[in-house]
Every structure is written in structure tokens, then in C-alpha cells.
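Please read the structure below before turning to the comments.
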Amino acid sequence: MMGPVQVLVVGFDRPAFSGEILAEFIRLRQAGIVRLVDLLLVSRAGDGAVETLAVPAGADAGLGGLAAAFLGRPEGEDEDGVDTAGDSVWSLADAVPPGSVAAVALIEHLWAGPLTAAIQKAGGVPLEETWLAPDDRAVLEALMNQRTEEELR
1 MMGPVQVLVV
11 GFDRPAFSGE
21 ILAEFIRLRQ
31 AGIVRLVDLL
41 LVSRAGDGAV
51 ETLAVPAGAD
61 AGLGGLAAAF
71 LGRPEGEDED
81 GVDTAGDSVW
91 SLADAVPPGS
101 VAAVALIEHL
111 WAGPLTAAIQ
121 KAGGVPLEET
131 WLAPDDRAVL
141 EALMNQRTEE
151 ELR
């Protein structure tokens, strides 16, 4: 069974992918933390049209194919052509601002697989899976630091 899979969309001003992010994914995979399921490079024109960018030189030619097939489904239709109208459908176009480029990563959180299994075994169901925005993390960190200082008094 797969662990939870996150869709991470990282925006860039221009399509200049140096390989630093991919190297970090490799390190995290070797540590057993995450697995990069696939990585898709896209651009969104000023008129809103989303295009897939060419795979960088030296990368696997199939890079992005799985993500494109999964995320590029027409709204209201799943991968088998089954009507899913009424279900919540996430849109890549909504995540990438017009006039920008993005790397779209499907990331399996290997560390969370056993936790997810334990939650299911106990009859639990995750009700929300939200990542804190950078500003919110800064507030939380300040609150944690304040608490630590108070405990030291």
C-alpha cells in the first residue's frame, strides 16, 4: 500500500531547472522519507493555457508522463472514463499563476505509510490534511519559542 501522496507545485520565474531540487529528492528517498513518484514541468500562458515543458537534458525521457496522465484528466472524468462529476476535482491550472512556470511533483510520504495504516486499523479517518503556509509556520515557531522561554523561567 502506498503512503500518502502530496502534489507539490513549485513556481519559478523562468524555466531554468538546475537539478538541486531533484538531488534533494534523491537524498530524501535514500533516507526513506519520501519517494518522488513523478515530476512534471509546466508553463501557464497569460491566457491561462497550461503546457507541458520539455524534459531537461539528462533526465529520464518519461519524466512527467505519470503526473500528466493523472493530473491532466478532464474535469468530471477519472482515469477510466468514469463520470466523477460532483466529486472535488483539483485543477493544476488553479495552482499555477498565468505567465509562470512550475515543477509539479507527486511525492509519496514513505514515513507516513505506517501511521496511515494505524489510523485506518483503529477506525479513524483523516478529516483534514493541511500544510501550514510559511507565514503561519513563522507564527507557530514564535509561539513555540515563547513557550520554551516561559518554561525556562
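Here the sequence shown stands for residues 1 to 153, where the numbers follow UniProt numbering. Note that beta-carbon positions come from the ideal geometry of N, C-alpha and C, so glycine has one too.
Check your understanding: Looking at the structure shown, is E141 part of a helix, part of a strand, or coil, going by DSSP?
Key -> Within the sequence shown, residue 141 is the residue found at index 141, counting from 1. It is helical.
Practice item. Within the same chain, show all residues whose beta-carbon is closer than 8 Å to that of L53, passing over the 5 residues directly before and after it, in chain order. Key: Locating residue 53 in the sequence shown gives position 53, counting from the first residue. So the qualifying residues of the chain are P15, L41, V42, S43 and V101.
Review point. According to DSSP, is L53 helix, strand or coil?
Key: Position 53 of the sequence shown, counted from the first residue, corresponds to residue 53. In this structure, L53 counts as coil in the three-state DSSP scheme.
Review point. Span of the beta strand (DSSP E) holding G11?
Key: By one-based count along the sequence shown, residue 11 stands at place 11. Per DSSP, G11 belongs to the beta strand (DSSP E) from V5 to F12.
Point to revise | Outcome for I26 when other beta-carbon atoms lying within 10 angstroms are tallied against a minimum of 16 | key: Along the sequence shown, read from residue 1 onward, the residue named residue 26 stands at position 26. It is exposed - the Cβ of I26 has fewer than 16 other Cβ atoms within 10 Å.
Exercise for review: Compute the Euclidean distance between the alpha carbons of D87 and L71, then round it to the nearest angstrom.
Suggested key: On the sequence shown, position 87 is the one that residue 87 refers to. On the sequence shown, position 71 is the one that residue 71 refers to. Residue placement at D87 is flagged as unreliable, the pLDDT there being 48, under the threshold of 50; a coordinate-derived value is accordingly withheld.
Exercise for review: Out of L22, R35 and F12, state which residue places its alpha-carbon closest to the alpha-carbon of Q6.
Suggested key: Indexing the sequence shown from 1 puts residue 6 at position 6. Here the closest residue by C-alpha is R35.
Exercise for review: Spatial neighbours of G113 within its chain, please: CB distance less than 6 Å, with the 5 preceding and 5 following residues excluded, ordered by chain position.
Suggested key: Here residue 113 refers to the residue found at position 113 of the sequence shown. The residues are G3.
Practice item. Return the Cβ separation of V37 and I107 in integer angstroms, given the expectation that the two are a contact with Cβ distance under 8 Å. Key: Against the sequence shown, residue 37 aligns to sequence position 37. Against the sequence shown, residue 107 aligns to sequence position 107. So it is a contact: roughly 7 Å between Cβ atoms.
Check your understanding: D38 by DSSP, collapsed to three states: which one?
Key -> Position 38 of the sequence shown, counting from 1, holds the residue named residue 38. In this structure, D38 counts as strand in the three-state DSSP scheme.
Review point. Just reading off the beta strand (DSSP E) that M107 is part of, what are its end residues?
Key: Taking the first residue of the sequence shown as position 1, residue 107 is located at position 107. With the sequence shown as reference, residue 107 is identified as Ile, and Met is not the correct amino acid for it. I107 -> beta strand (DSSP E) spans S100 to H109.
Exercise for review: Taking the CB atoms as reference points, tell me whether L39 and L63 lie closer together than 8 Å.
Suggested key: Looking up residue 39 in the sequence shown gives position 39. Looking up residue 63 in the sequence shown gives position 63. Yes, they are a contact pair.
Review point. With a CB to CB cut of under 6 Å and the five nearest residues on each side skipped, what residues in its chain are close to F12?
Key: Against the sequence shown, residue 12 aligns to sequence position 12. Only V101 meet the Cβ criterion.
Review point. At which residues does the alpha helix (DSSP H) containing residue 167 begin and terminate?
Key: Nothing can be reported for residue 167, as the shown portion of the chain is limited to 1 through 153.
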